[in-house]
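Undergrad:
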Amino acid sequence: MKLLTKLAAVALVGLTAGAASADMLDVEKDELKFGFIKLTDMAPLAIAYEQGYFEDEGLFVTLEPQANWKVLLDRVIDGQLDGAHMLAGQPLAATIGFGTEAHVITPFSMDLNGNGVTVSNAVWDAMKPHIPMADGKPVHPISAAALKPVVQQYRAEGKPFNMGMVFPVSTHNYELRYWLAAGGLKPGYYSPENVTGQIDADVLLSVTPPPQMPATMEAGTIYGYCVGEPWNQQAVFKGIGVPVITDYEIWKNNPEKVFGLTAEFAEQYPNTTLALTKALIRAAIWLDENDNANRPEAVKILARSEYVGADAEVIANSMTGTFEYEKGDKRAVPDFNVFFRYFATYPYYSDAVWYLTQMRRWGQIAEQKPDAWYDAVAKKVYRPDIYLKAAEMLVAEGKAEKADFPWDTDGYRAPQDEFIDGVAYDGRQPNAYLEAFPIGLKGAQKVVGGRVDG
Amino acid sequence: MTAILETAPAFDAEREAQKARTVGRINKAGRFLSALGLGWTTPLMLAAAGDSPKAQLREAGRLVGVPLAAILAFLLLWAQLAPMVETSLGAVPGPAQVWEQAVNLHEDHVRERGKEAAFMERQEERNAKLVEAGRADDVKWREYTGKPTYYDQIWTSIQTVFFGFLVATIIAAPIGILCGLSPTANAAFNPMIQIFKPVSPLAWLPIVTMVVSAVYVTNDGLFSKSFLNSAITVTLCSLWPTLINTALGVASIDKDLVNVGRVLKLGTWTKITKLVLPSALPLIFTGMRLSLGVGWMVLIAAEMLAQNPGLGKFVWDEFQNGSSQSLAKIMVAVFTIGIIGFLLDRLMYAIQAAFTYSANR
């Protein structure tokens, strides 16, 4: 009976043979293992797997959750993972040698926005008197100037004001610092000898893995944190904290995660790299399709314990366009997670340069570098050439629209100014950009001993 | 008439003899069963066979009834107290929720196997299409890439602990024998043993990870790096009990036996295999039992950090999930770890009972 069914299947299928298989790239390595951290923006990976996009390209992918960002990066560099969901700063930091050194590249930006800053209930209550209200609700965006008096009070009482972020080169670290500095608080510097990032700081920032943040805040070790979803909404659900601002309000449509691989892998397996980029682009298209119509299904997939695992209601908020600040204060933030719109998946050099400028601003890059250096590093790490080739193939196969890709860009976005402090950013002039900030290293300044020199 | 009266006592005697034989057999089996931890069945069987039933039932009550009652009392206490503790992940789960999650995990496993079957079907179709199109050499057969289910993770943990334990035994037993036989060797090894013994697996893990990364450079070999990291950490922590107990066992063999060996002018190899090992076996096996116990505990911690896909990683991932079911699932894992640890210990005890000579055999 089984043989008969098989023969019948073969006969039926034989009639439609040929066409589909001809499109598949000849991939060199088809069994791949990708790592991720349990955050909602690993969605493109989960969707590419569940919707069969990886299989369509002839790739057999295992997705494995990792313990923390350091383990994830080390395992990619080591070769145990073929690629991973990475913070936008990780490939850059690895390539310039801050932390474990390795040439890591990225051909695909996974999403825009998606983070928030949450503070504990006690800190929120202390902040409220300093926040302008309208109709009984706080006016958004809330500036860190409202946090300044609270920090000063804590320090006067002898309590260091600790906040958490996920990794020294994470987008959350830079966004939290940006927000704090815009409100007049000093988030601390790094120096070659002292990499805690707390030199001369008003607010002490330290690393906590994302899933442990709500618990650490509850325990009182930190008074707030900057992290991706679902950990901000989780704090609201559990009643242990209040999100004060999303990174959409700090920098509208900021680049968040990228898909990172070693340069070695991309060189050795070019077709495989193209195939996986194609699958990821398709997943991103699906996530933003029809005005986010597929998001509820995505939430159900992400709620599974092998992906993000948090309760579906907690994930649903941000993925479906709302964000709950104070309990009961739900506001519409339709672009909280952007996976494909606004050319989100194109790896812009200007995005890389922004991260490099922030690394310089806080001393992770210890010395002044010429504008050309920023451009060179960005070109080494971000690979829009692979992205565009993959996009071309998808358009030819009819799986994507030509208009959805920025074919003519030189890799730099037009100057952006939708930041919380209004400072305009032009990726082609990083040093001039650094000069515009009251707080942060500029020009040839260095951190020596415990202070800024120069 | 007389014939019936005469055969009655003979019939009774026959029954008595048969009962005595059955009791004898049950008792003999009882020794074997108690080595397997099933010794509580003996009084029940004896009571059924009619051998002083009241006393046997009392014995059975002590061996079976009392533990069962204690377990029930524990479950009731847990069910009462658990909802009183509220954590940020919800109330502490009681026995009912833990059971529910255990069932969920089983259903997950069944669903995943269903997905695997669907994947295999798709693969067959795809390959059939390729063969039809005349591209028979493009046909690939690949393993299913879905997540490891709970049972897969249990199996991975068991494999890892046994691998680590075997390597530990292979290293520790010869060194232990050497230390036991030669006081000089003992003096040489002792300081290092004492210093490395108390080191926790979490301190070994980064070093092991670095060394494995440097030495085991292939990623397609027989073992994955995370498996090796966990197994070697288990080895490093569990070799000490075996080593110390073996040394002790060897050092404390009966002096008379050593003298006999000298009189017979036995060669070293014969001395070791015929004299030393057999008399040191009880202590060697005790050491191995302790090692396996320690290894199992260490494994869970090592897996959490090395990301070996076993029970340790399951607990860590559930903690990271932070969903309302996470605590209950972690408790299921706690019970699983405990039960497997108990079974492993029983296994070692049974092997030990098989190999050692005691007054009963």
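Here the protein sequences come in this chain order: A and B.
Here the first sequence is numbered in this note's numbering, starting from 1 and rising by one per residue.
Here the second sequence is numbered in this note's numbering, starting from 455 and rising by one per residue.
C-beta atoms are modelled at their ideal positions from N, C-alpha and C, and glycine is treated no differently.
Values in this document were obtained by computation on a predicted structure and should not be read as measured data.
Distance, Cα to Cα, residue 22 (chain A) vs residue 580 (chain B)?
TA: Legend: pLDDT at residue 22 (chain A) = 42, less than 50; position of this residue unreliable, no value from coordinates given.
Undergrad: Mapping DSSP to helix, strand and coil, what is residue 746 (chain B)?
TA: helix
Undergrad: Taking residue 453 (chain A) as part of the beta strand (DSSP E), name the residues at either end of that continuous run.
TA: Element bounds for residue 453 (chain A): 451-453.
Undergrad: What is the rounded straight-line gap between the Cα of residue 104 (chain A) and the Cα of residue 384 (chain A)?
TA: 14 angstroms
Undergrad: Specify the secondary structure class of residue 416 (chain A) as computed by DSSP and reduced to three states.
TA: strand
Undergrad: For the beta strand (DSSP E) that residue 165 (chain A) lies in, which residues bound it at each end?
TA: Counted as a single uninterrupted DSSP element, the beta strand (DSSP E) harbouring residue 165 (chain A) occupies residues 162-165.
Undergrad: Taking Cβ to Cβ, would you say residue 285 (chain A) is nearer than 7 angstroms to residue 340 (chain A)?
TA: yes
Undergrad: Go through the segment 132-177 of chain A residue by residue and report every complete run of the beta strand (DSSP E) that reaches 3 residues or more, in order.
TA: 162-165
Undergrad: What first and last residue would you give for the beta strand (DSSP E) that runs through residue 331 (chain A)?
TA: 330-332
Undergrad: Is the segment 268-277 of chain A touching the segment 27-42 of chain A, taking contact as three or more C-beta pairs under 8 angstroms?
TA: yes
Undergrad: Take the Cβ of residue 564 (chain B) as the centre, count every other Cβ of all protein chains shown within 10 Å, and call the residue buried at 16 or more, exposed below.
TA: Flag for residue 564 (chain B) reads exposed.
Undergrad: I'd like to know whether the C-beta atoms of residue 325 (chain A) and residue 411 (chain A) end up nearer to each other than 7 angstroms.
TA: For the pair residue 325 (chain A) and residue 411 (chain A), the CB atoms are not nearer than the 7 angstroms cut-off.
Undergrad: List the endpoints of the continuous beta strand (DSSP E) containing residue 120 (chain A).
TA: 115-120
Undergrad: Any residues in the segment 764-779 of chain B with a beta carbon nearer than 9 angstroms to a beta carbon of chain A? Which ones, in chain order?
TA: 767, 770, 771, 772, 773, 774, 775, 776, 777, 778, 779
Undergrad: So is residue 20 (chain A) buried or exposed if we call it buried at 16+ other beta carbons inside 10 Å?
TA: With a pLDDT of only 42 at residue 20 (chain A), under 50, the local geometry of the prediction cannot be trusted, and the value read off the model is given with reservation. So residue 20 (chain A) ends up on the exposed side.
Undergrad: Any Cβ of chain A within less than 7 angstroms of the Cβ of residue 700 (chain B)?
TA: no
Undergrad: How about residue 587 (chain B) and residue 687 (chain B): do their beta carbons lie closer than 7 angstroms?
TA: For residue 587 (chain B) and residue 687 (chain B), no; Cβs fall outside 7 angstroms.
Undergrad: Out of A:234, A:64, A:242, which one is the CA nearest neighbour of residue 120 (chain A)?
TA: A:242
Undergrad: How would you write the range of the beta strand (DSSP E) that residue 86 (chain A) sits in, first residue to last?
TA: 83-87
Undergrad: Quick check on the burial criterion: 16 or more other C-beta atoms within 10 angstroms. Buried or exposed for residue 610 (chain B)?
TA: buried
Undergrad: Indicate the three-state DSSP secondary structure (helix, strand or coil) for residue 222 (chain A) in the structure shown.
TA: coil
Undergrad: Note down the Cα distance separating residue 254 (chain A) from residue 373 (chain A), rounded to an integer number of angstroms.
TA: 22 angstroms
Undergrad: In whole angstroms, what is the alpha-carbon distance linking residue 399 (chain A) and residue 766 (chain B)?
TA: 41 angstroms
Undergrad: Can you tell which of A:272, A:265, A:94, A:429 has the C-alpha that lies nearest to the C-alpha of residue 416 (chain A)?
TA: A:429
Undergrad: How many whole angstroms separate the CB atoms of residue 133 (chain A) and residue 164 (chain A), which I take to be in contact at a CB cut-off of 8 angstroms?
TA: So it is not a contact: roughly 28 angstroms between Cβ atoms.
Undergrad: Taking all protein chains shown into account, decide if residue 447 (chain A) is buried (16 or more other Cβ within 10 angstroms of its Cβ) or exposed.
TA: buried
Undergrad: If we call anything under 7 angstroms between Cβ atoms a contact, is residue 167 (chain A) one with residue 87 (chain A)?
TA: In this structure, the beta-carbon distance from residue 167 (chain A) to residue 87 (chain A) falls below 7 angstroms.
Undergrad: Less than 7 angstroms separating the beta-carbons of residue 547 (chain B) and residue 781 (chain B)?
TA: yes
Undergrad: Taking 8 angstroms as the threshold, find out whether the segment 568-580 of chain B comes into contact with the segment 727-742 of chain B through three or more Cβ pairs.
TA: no
Undergrad: For residue 559 (chain B), collect the residues of the same chain with a Cβ closer than 6 angstroms to its Cβ; drop the 5 residues on either side in sequence, then sort them by chain order.
TA: A distance below 6 angstroms between beta-carbons, with the five flanking residues on each side excluded, links residue 559 (chain B) to the following residues of its chain, in chain order: 604.
Undergrad: Interface residues of chain B around residue 305 (chain A) at Cβ under 9 angstroms?
TA: 562, 601, 771, 772, 775, 777, 779, 780, 783
Undergrad: Note down, one range per segment and in chain order, each alpha helix (DSSP H) of at least 4 residues found wholly within the segment 521-568 of chain B.
TA: When DSSP assignments are scanned along the segment 521-568 of chain B, no uninterrupted stretch of alpha helix (DSSP H) that is 4 or more residues long falls wholly within it.
Undergrad: Rounded to the nearest angstrom, what separates residue 725 (chain B) and residue 516 (chain B) at their Cα positions?
TA: Within the model, the alpha-carbon separation for residue 725 (chain B) versus residue 516 (chain B) is close to 45 angstroms.
Undergrad: Within 10 angstroms of its Cβ, does residue 233 (chain A) collect 16 or more other Cβ (buried), or is it exposed?
TA: buried
Undergrad: What separation, rounded to the nearest whole angstrom, lies between the Cα atoms of residue 111 (chain A) and residue 624 (chain B)?
TA: Each residue's CA atom was taken as its position, placing residue 111 (chain A) and residue 624 (chain B) some 51 angstroms apart.
Undergrad: Looking only at its chain, what residues have a beta carbon closer than 7 angstroms to the beta carbon of residue 26 (chain A), apart from the 5 residues adjacent to it on each side?
TA: 271
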